[in-house]
Every structure is written in C-alpha cells, then in structure tokens.
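Residue numbers (the numbering used here), protein chains in the order written: chain A, 2 to 146; chain B, 2 to 146. Yeah, the Cβ is synthetic: ideal placement off N, Cα and C, and Gly gets one too. Since the model is a prediction, treat every value here as computed from it, not as a measurement. Before any comments, here is the structure.
Protein chains: 2
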Amino acid sequence: MAIFSKTCEYAIRAVLFIAHKTALGNRVGIKDIATGIDSPEHFLAKILQDLSRKGLISSNKGPNGGFYMDALALERPLSEIVEAVDGDSLFKGCALGLKQCSEVNPCPLHNEFKDIRNNIQRMLSDTTIGNFNEELMSGLLSLKK
Amino acid sequence: MAIFSKTCEYAIRAVLFIAHKTALGNRVGIKDIATGIDSPEHFLAKILQDLSRKGLISSNKGPNGGFYMDALALERPLSEIVEAVDGDSLFKGCALGLKQCSEVNPCPLHNEFKDIRNNIQRMLSDTTIGNFNEELMSGLLSLKK
DNA sequence: AAAATAAAAGACAAAAATATCTTTTATTAA
DNA sequence: TTAATAAAAGATATTTTTGTCTTTTATTTT
C-alpha cells in the first residue's frame, strides 16, 4: 500500500500545480490542472471543491475563472493538505490499527514507529506548498508520469 | 490513511500472536487467534491461508490442528509479512503515485521521502517476528483494542 | 439581456477492500 | 471405520475508494 490515498496524491499534485501556475495572479482551469498532473478531470474537480471549501485554495466561476492561491496560501504546510484529505492517522494512528494503543498500552510496534511518524509529520509541517515553485517552473520537478 | 492496509494490520497482529502462543510446539486455532487479536474470523482465515501458502506460517488440519511457527520462522523479519500482504510500494513507491519518479525524474517529494522510506524499510527488516515474544507473553504489549 | 464560460453539485458506475456464511478436505481419535 | 475437529476453499455481500457523466449556478463578455 502507498503512503497516501490516491485522492491525496491527486490533491497534493494539483495544489502544487496550481501554486506554481498562479504564483502571480493568474488562474488555471480544472481541465489544465487535470492534464498537467495526469488525473481524471471530474474526480479531481471533487477534490478541489473540497479543498476550496476548506480554504486551502480559491476559485472563481465564469470566463477567466479557475483555481488560484494567494501569497498566504503558498505559506501553508503540506501537512494541511494531507490532513484535509487523509486525516491525521498517518501521524497519530497506531500502525497496527489498535484504537487504544498508547504509551501505557502499546502495540508491539508502538515505539518503533514513533520516530517514523514524527519524521513524516515534521517533514510535511516544515515544507510549504510554495516551496517547490521555482523548481516546478524551471521543469526540474515532475507532477505527472 | 493508515500506514498499512487493514489486511496487513490483521496479518501482523495474527502472526505475532501465533509466534508467541506457539513458541514451543503448540498450535493455535483460527478462532483463538481471531479472538486474541480482535479480528473477523473468516476474513482472517483467508489472510492466514495466504501467509501459509507463502511459507511464513504453518498449519495442520484436524484435531489438535491449527497454526504454528517453527524456530526458523520466528527469525524472519516483519518486512516479509508486509511485502507478502501490501507489496513493496511502501518502501519503493513514489509518495505522489508517479510511475516514473526517480533520481533523474523526481517528484517534488522524492528527496524528502527518501529517508522516511528507508527508515521504515530498515526498521521492518531489522525486527524479527519473534522479537516481541517475551513482552507479549508477559502481557506488556497489546494485540487487541 | 443573451450567450459563453467555468466551477459546483448531483447522480450514477466500476473497482477494490473488507466482511460473512457455507461447503469441502484433511487429520485425528474413539 | 466412523465421528469429530479444524483448516481450506468457495460463494456471496457490504462498504469504501475511485472514476464518469449530466445538470446547475455563478460570472463575464458581447
């Protein structure tokens, strides 16, 4: 199994795509985004609607409409996307799925996974959405294939 | 989303349960295992049949039958269970789901996730199934709830 | 005001993961 | 050699995830 759900993979890729495409005032349409990250258009639309409702990205209807992000939104950490889509179980949950797993009632992997969970959380919290804009614009990083 | 699939969570918990319950020659039935790790009995049965086919655990039918593991099986790393059930995408796959993600064609998170993937793989490869037997027998670790 | 544009929303479909129930097969013990 | 036991296998059901198609709403331009 992968680290993130398919939905979350699309979400991150799409947000990074929007981020670097609209860094200075433009907007980008769902069709361009779907093509740009190689994802099913209408499925992605649902995901972006959700992220929009949650305030992570912005959108406008009509001609010249589309999705965009302001400067403030670019400063948000990747962890917000992940939490919005997949929840916090990757950071907080028990690796073996035990509801009551804790320091006093640990599963066998409780201690071995503590560092790993913290590393994931720290990395996603310390990395902003706008962090990759230059490399994305210069084509050094890929969001499709 | 969780790190492992539900199937894999059950698999690890069940194998650790079998490991410590049969450390010296006993066998344990599917009903006891399912109760012992709080999982759906018949669903777990399928999982164990699969692990048995793959040689990770052993079983016998009939009276006094059940599942068990020999000394050698206890030395296997946890990573074998994970690979048998969830595959290797947790260790090898691209976090953003890109098929061609690599050093020369990296996704934005390629480098950030390199350490994390390695940590997970190392931990699971360095930890044997039998590693938790004492603590499980003494009740210091939990496999249910 | 009408037409064009683009996201939002709704309805539906397919696939995969998870779960349950029944029948069959192998093994043991009486 | 029959009955009992327990895993293996098969069939089916439910839920969740992923994906598609159509209609509606908001906005802009003519």
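Helix, strand or coil at residue i according to DSSP, with G and I counted as helix
i, result
"T8 (chain A)", "helix"
"N61 (chain B)", "strand"
"T129 (chain B)", "strand"
"G1 (chain B)", "For residue 1 (chain B) there is no data in the structure shown, the boundaries of chain B being 2 and 146."
"V105 (chain A)", "coil"
Contact under 8 Å by Cβ, residue i with residue j
i, j, result
"K62 (chain B)", "K100 (chain A)", "no"
"S143 (chain B)", "D87 (chain B)", "no"
"L110 (chain A)", "L97 (chain A)", "yes"
"L49 (chain B)", "F68 (chain B)", "yes"
"D116 (chain A)", "N112 (chain B)", "no"
"G94 (chain A)", "A3 (chain B)", "yes"
"V29 (chain A)", "T23 (chain A)", "yes"
"L52 (chain A)", "A85 (chain A)", "yes"
"I130 (chain B)", "L45 (chain B)", "no"
"R77 (chain B)", "I38 (chain B)", "no"
"G71 (chain B)", "S59 (chain B)", "Sequence inspection shows Asp at residue 71 (chain B); the Gly mentioned does not correspond to that position. In this structure, S59 (chain B) lies closer than 8 Å to D71 (chain B) by Cβ."
Burial state of residue i, where buried means 16 or more other Cβ atoms lie within 10 Å
i, result
"M138 (chain B)", "exposed"
"T36 (chain B)", "exposed"
"L147 (chain B)", "The first residue shown for chain B is 2 and the last is 146, placing residue 147 (chain B) beyond what the model contains."
"F133 (chain B)", "buried"
"S80 (chain A)", "buried"
"L57 (chain B)", "buried"
"R54 (chain B)", "exposed"
"V105 (chain B)", "exposed"
"P41 (chain B)", "exposed"
"S107 (chain B)", "The identity of residue 107 (chain B) in the sequence shown is Pro, whereas the question assumes Ser. It counts as buried."
Within chain B, the residues that residue i reaches when beta carbons sit closer than 8 Å
i, result
"S139 (chain A)", "Under the 8 Å cutoff, chain B gives no residues; its nearest Cβ is about 13 Å from S139 (chain A)."
"A3 (chain A)", "S90, L91, G94, A96, G98"
"L75 (chain A)", "Residues of chain B passing the Cβ test: none, with the nearest at roughly 14 Å."
"N120 (chain A)", "D116, I117, N120"
"R28 (chain A)", "Those do not exist, as R28 (chain A) stays about 21 Å from chain B at its closest Cβ, beyond 8 Å."
Where residue i meets chain A, residues with beta-carbon distance less than 8 Å
i, result
"K100 (chain B)", "K146"
"T23 (chain B)", "Ordered by position in chain A, no residue passes the 8 Å Cβ test against T23 (chain B), which lies about 16 Å from the chain."
"T36 (chain B)", "Per Cβ cutoff of 8 Å: no residues; T36 (chain B) is ~15 Å from chain A at best."
Contacts that residue i makes with chain B (C-beta to C-beta distance below 9 Å)
i, result
"L52 (chain A)", "Those do not exist, as L52 (chain A) stays about 16 Å from chain B at its closest Cβ, beyond 9 Å."
Within chain A, the residues that residue i reaches when beta carbons sit closer than 7 Å
i, result
"F18 (chain B)", "In chain order: nothing, as chain A lies at least about 10 Å away."
"K7 (chain B)", "G98"
"I82 (chain B)", "Those within 7 Å of I82 (chain B) in chain A number zero; the least Cβ separation is about 11 Å."
Listed by chain order, chain A residues near residue i by CB distance under 9 Å
i, result
"R14 (chain B)", "L97, G98, L99, C108, P109"
Checklist entry - For the stretch 88-117 of chain B, which residues have a beta carbon sitting closer than 9 Å to at least one beta carbon of chain A? => result For chain A, the residues of the stretch 88-117 of chain B that bring a beta carbon within less than 9 Å of one of its beta carbons are G88, S90, L91, G94, C95, A96, L97, G98, L99, K100, Q101, C102, N106, P107, C108, P109, L110, H111, E113, F114, D116, I117, in chain order.
Next on the checklist: Along the stretch 42-66 of chain A, where does the CB come closer than 7 Å to a CB of chain B? Name the residues.
Outcome noted: Flagged: no residues at all.
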